[in-house]
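Structure, as structure tokens:
There are 4 protein chains.
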Amino acid sequence: MEKTGSDLLSLWFADGTNFPGQSNFRKRKQWMEKALAEVYDALPNATRMLIEYKFFEPAFYHTDLPDWGTAYLMATKLGEKAQVLIDLGHHPQSTNIEFIVAYLIDEGKLGGFHFNCRKYADDDLTVGSINPQELFLIYTELVAAELDPNTETDIAYMIDQSHNLKPKVEASIQSVCNLQKAYAKALLVDREALAAAQDAADLVEAESILQRAYETDVNPLLEQVRLEMGRDPHPLAAYRKSGYYEKISAARVGGESQGWA
Amino acid sequence: MEKTGSDLLSLWFADGTNFPGQSNFRKRKQWMEKALAEVYDALPNATRMLIEYKFFEPAFYHTDLPDWGTAYLMATKLGEKAQVLIDLGHHPQSTNIEFIVAYLIDEGKLGGFHFNCRKYADDDLTVGSINPQELFLIYTELVAAELDPNTETDIAYMIDQSHNLKPKVEASIQSVCNLQKAYAKALLVDREALAAAQDAADLVEAESILQRAYETDVNPLLEQVRLEMGRDPHPLAAYRKSGYYEKISAARVGGESQGWA
Amino acid sequence: MEKTGSDLLSLWFADGTNFPGQSNFRKRKQWMEKALAEVYDALPNATRMLIEYKFFEPAFYHTDLPDWGTAYLMATKLGEKAQVLIDLGHHPQSTNIEFIVAYLIDEGKLGGFHFNCRKYADDDLTVGSINPQELFLIYTELVAAELDPNTETDIAYMIDQSHNLKPKVEASIQSVCNLQKAYAKALLVDREALAAAQDAADLVEAESILQRAYETDVNPLLEQVRLEMGRDPHPLAAYRKSGYYEKISAARVGGESQGWA
Amino acid sequence: MEKTGSDLLSLWFADGTNFPGQSNFRKRKQWMEKALAEVYDALPNATRMLIEYKFFEPAFYHTDLPDWGTAYLMATKLGEKAQVLIDLGHHPQSTNIEFIVAYLIDEGKLGGFHFNCRKYADDDLTVGSINPQELFLIYTELVAAELDPNTETDIAYMIDQSHNLKPKVEASIQSVCNLQKAYAKALLVDREALAAAQDAADLVEAESILQRAYETDVNPLLEQVRLEMGRDPHPLAAYRKSGYYEKISAARVGGESQGWA
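Chains R, S, F and D, in that order, are what the protein sequence lines are.
Residue numbers for the first sequence follow our numbering, beginning at 429 and rising by one.
Residue numbers for the second sequence follow our numbering, beginning at 429 and rising by one.
Residue numbers for the third sequence follow our numbering, beginning at 429 and rising by one.
Residue numbers for the fourth sequence follow our numbering, beginning at 429 and rising by one.
The following block contains the structure:
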């Protein structure tokens, strides 16, 4: 970290077992605690350790850090410099991720995100491609924390996708634009009205306030922001016009592949 | 608790929300912490508080304590007298429950069980009726803790089922017998050989050791134990022969219903 | 049906079993076929039978018609007057429902919908409250069928929800408005451009075309349509202003409950 | 098929899409129908086509044949020589596979199996390693069909696993032994008593009959059968003693890997 100037040690462990009996859960837990403590003690000043969890795969019977609870437990035992990293594709189906976001923020333990998207398992699709409402609800929690003077967060935002059908740069541009949309919509939420509706237990109104923000077309706003920043308002079209893809494809030995092969 | 002579305060909260925006996650978390702390401070001496979690239902958007991580976090903040209670039907599909059991034992935070069974959600079927291997693997962790001189556990075992098709007493007898079988099989695991196979990374042998125990027919053993205790070796048959069901059915106004109606 | 003037026989069967061995799957299948055939033969002219499926609950081991495949098989054996009904909450997690919609339309076997919404199981929430993109994608298939001169559909649209926290009429207004939004957005999809992008295997463009329609704020359009129809452009606000709820609550013995209690 | 002397054309299609809008569901369905019909018409006499389905992966938005219903629909349109192949790892969580087995047998459309095991998704673990009761319940349906003089089946049994941690031959021996155990236990089910309990709606007794068979330790029986066939009664131990693994490892360039690398 010192050599590269990094201030984040981001750890994901593929460790786990494939069959009942293969290994001793409690020993493995203790080994993990010990190993992390050794690394934690060696962290340079002003750096953080982010601990990622994943429900399953590549291990198919158990994973050593399968959920936010295990990552949180480790991070809490280690100390203030250790936090939890959320990858959007690493949960059981129908897990309420925005709740975990809020929970970890409340504990000062949300350290970062691996953004991506999935319909089934750890599909690593373009962020925002499936169920974009979920991304908006996650950002609604992130913006709430930003707006709260009593909450401090320092969250590392990363994109972690695996595109084998889409051209990678185009998919990355889509991802960034979808994140900007979710963020912009979350900024539009009328927080005072929301708090009032919640206090009044007016479910319909509270939900409607979120819907109004979510249903707003924020593309014109984002285009204006990009213009004011001296950027092209339409990133994907600009990229396509740039001819960059054709240029690097031609330069690449063996032609145009940008995927796995 | 003092009046009834109870030494366990077992808490399950149906609390949660049904729609995005309905309530403030972080406020609810803080309310929960505060409420539990107030109750915790009032616990009589030599008693414990068990905190149960549930993935969903009756709340359909978020549940305040949806997983072991939230229950653990609460129990840890409260202190030594607070522990986690595991209900077998309260997890997302394919959760490795025996891993959670081992994890909580290792933290001294496993306080109790609600035994039941499910194929889909919180089905509350007869314990051991679906996937009895899972029950065996859970008991394998419980027995490992019993055998370890450095591990102290004090686990409250409860059955929490909802039978509307089977006669309730018969279903309860089945449940108890299935628990006895799982426990007996877990006692048969050759722990030394298992540890040796694990140390040698011999996956096939380690798995086979568990299988040998699981595949043993422990019914003759259990019948012998019951005989030595002066009990009928076949509890279900004995109950059926006893005529108890017919007696209480006749005594019940409106006939033989033992189900929901 | 003749007495009530109904032309739709909509069937949902709670039938199934709770435990392995409880019943014979194949006998039950044959009984179902026979029973449905008897009813089918008695259908009045110009009527249809809609067969609904459900993954689980109230049966917890197996359900006699758990998926579209079983309902389709029954409907196909019966004949042209039998079709399948889709309830949005009756699928395993992450099932691609819009694909089933397209499949059944292609077979002439989509007969109707029970609209509702869920995050977990058959939660019966306000339609469109969770993952509204899914509703849009379903309507995208429905509109494609409407636009295709070679496709005939006759689909019965029903709302099937269970509101115990929200006032029921308000929740129903929300549901209808959310359905209108999904339909309006699906009408905005540029079908020619979509087909061209699909033919060119331009995934990014094809996805973007759907996103442009989905991200359009159709509320102003819907308000205009309502005005042109002589309706209040804001149905929920209009209902709240109407005082209807207060009136019927006052008229109801025991006060204002509109929920389960 | 003629050249190799094969009488089974076993088809699994990885086809599907990763993003909404990527392709046209109905066109793809029609293409699939057309393509399969062309192949079906070219099938040699006395051969069969087996159509496999898979819920997801490698496609992450939709799969062209995601469930038994789609495979059944294709097979039915094609004709008698087309049947469905079930891979145990290709279903949504908690799907009742034994019900699908019974359903397809009843339709004369069960053509074959890919045996393997999973806890999460298509994990391709050793068959019988997780939830062996499910395998027993599947065999209970298979044996019921064998015993029924009015049912004809011709089922191709295949093992389809992917072992990267266990030595492959050992894992295959385990798989075969686990299949033999499931089959032997299913043969032990008292079919007459089961039918009687089912007719009497005695759920507890019906379930107990299956449990008695499942809990029987069939290892001694299988050892005796192997002895009578002139085989070693303990296949795994015999293989380990044979030195075959050491021999082929030594013969392999670069040493002992039997896994992915």
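Ideal Cβ positions, reconstructed from N, Cα and C, are used throughout, including at glycine.
From F447 of chain R to G671 of chain R, what does the alpha carbon distance come to, in whole angstroms? 50 Å
Unbroken beta strand (DSSP E) run spanning M586 of chain S, endpoints: A584 to I587
Considering only residues of the same chain and omitting the five flanking positions on each side of P486 of chain D, which have a CB-CB separation below 6 Å? A442
With 8 Å as the C-beta to C-beta threshold (strictly closer), list the residues of the region 517 to 548 of chain S near chain F in chain order. Q521, R546, K547 and Y548
Beta-carbon proximity list for E633 of chain D, same chain, < 6 Å, skipping 5 on both sides: A625
Spatial neighbours of F546 of chain F within its chain, please: C-beta separation below 8 Å, excluding the five flanking residues on both sides. Here residue 546 of chain F is Arg; the residue named in the question, Phe, does not match the sequence. So the list reads L516, G517, D552, L553 and I558, once near-sequence residues are dropped.
Name, going along the chain, the residues of the region 654 to 676 of chain D whose beta-carbon falls closer than 7 Å to a beta-carbon of chain R. none
Leaving aside the five residues before and after Y611 of chain R along the sequence, list all residues of the same chain whose C-beta is less than 6 Å from its C-beta, in chain order. Y567
Where the alpha helix (DSSP H) through S670 of chain S begins and ends: P663 to S670
Can you give me the start and stop residues for the beta strand (DSSP E) that S438 of chain D sits inside? L436 to L439
What would DSSP say about L593 of chain S, mapped onto helix, strand or coil? coil
Counting only Cβ pairs nearer than 7 Å, list the residues of chain F close to T568 of chain R. What T568 of chain R touches in chain F: nothing, since even the nearest Cβ is about 14 Å away.
Could you give the first and the last residue of the continuous alpha helix (DSSP H) run that contains M460 of chain D? F453 to D469
Cβ of F488 of chain F less than 7 Å from any chain S Cβ? yes
Counting C-beta neighbours from all protein chains within 10 Å, is the total for I479 of chain F 16 or more, i.e. buried, or is it exposed? buried
Determine the contact status of K613 of chain S and A584 of chain S, defining contact as a CB-CB distance below 7 Å. no
Taking only beta-carbon positions, decide if D645 of chain F is within less than 7 Å of chain R. yes
Who are L538 of chain R's beta bridge partners in DSSP? R:V512
Nearest to N473 of chain S (by Cα), restricted to the options S:M429, S:R619, S:L607 and S:Y667: S:M429
Going by CA-CA distance only, name the one from F:T498, F:P595 and F:Y489 that's closest to W440 of chain F. F:T498
Buried or exposed: which applies to K431 of chain R, given that a residue is buried once 16 or more other Cβ atoms fall within 10 Å of its Cβ? exposed
Around the C-beta of K505 of chain F, are 16 or more other C-beta atoms found within 10 angstroms, so that it is buried, or is it exposed? exposed
Taking only beta-carbon atoms, is P560 of chain F less than 7 Å away from chain R? yes
Span of the alpha helix (DSSP H), counted from its first residue to its last, around L622 of chain S: R619 to D627
Do you know how far the Cα of E526 of chain R is from the Cα of L565 of chain R? 6 Å
Rounded to the nearest angstrom, how far is the Cβ of F453 of chain S from that of A530 of chain R, given a contact under 8 Å? 4 Å
Roughly how far, in whole angstroms, is the beta-carbon of A510 of chain F from the beta-carbon of Y468 of chain F, given that I think they are within contact range, below 8 Å? 6 Å
Going by beta carbon distance, what residues of the same chain come within less than 6 Å of S603 of chain D, once the five residues before and after it are set aside? T554, V555 and I587
What are the residues in the region 473 to 498 of chain R lying within 9 Å of chain F by C-beta distance? none
Distance cutoff 7 Å, beta carbons only. Does A689 of chain F sit that close to anything in chain D? Interpretation of A689 of chain F is limited by its pLDDT of 40, a score under 50 that renders its predicted location unreliable; the figure taken from the coordinates is listed afterwards. No, because no Cβ of chain D sits closer than 7 Å to the Cβ of A689 of chain F.
Tell me the rounded alpha-carbon separation between E580 of chain R and K537 of chain R. 10 Å
For I601 of chain F, which three-state DSSP category applies? helix
Output needed for P577 of chain S: all residues of its chain with C-beta closer than 8 Å, excluding positions within five of it in sequence on either side, in chain order. none
Throw me the rounded Cβ distance for the D495 of chain S and M460 of chain S pair, which I believe falls under 8 Å. Going by Cβ atoms, the distance from D495 of chain S to M460 of chain S rounds to 14 Å, so no, they are not a contact pair.
By DSSP, does F484 of chain F sit in helix, in strand, or in coil? coil
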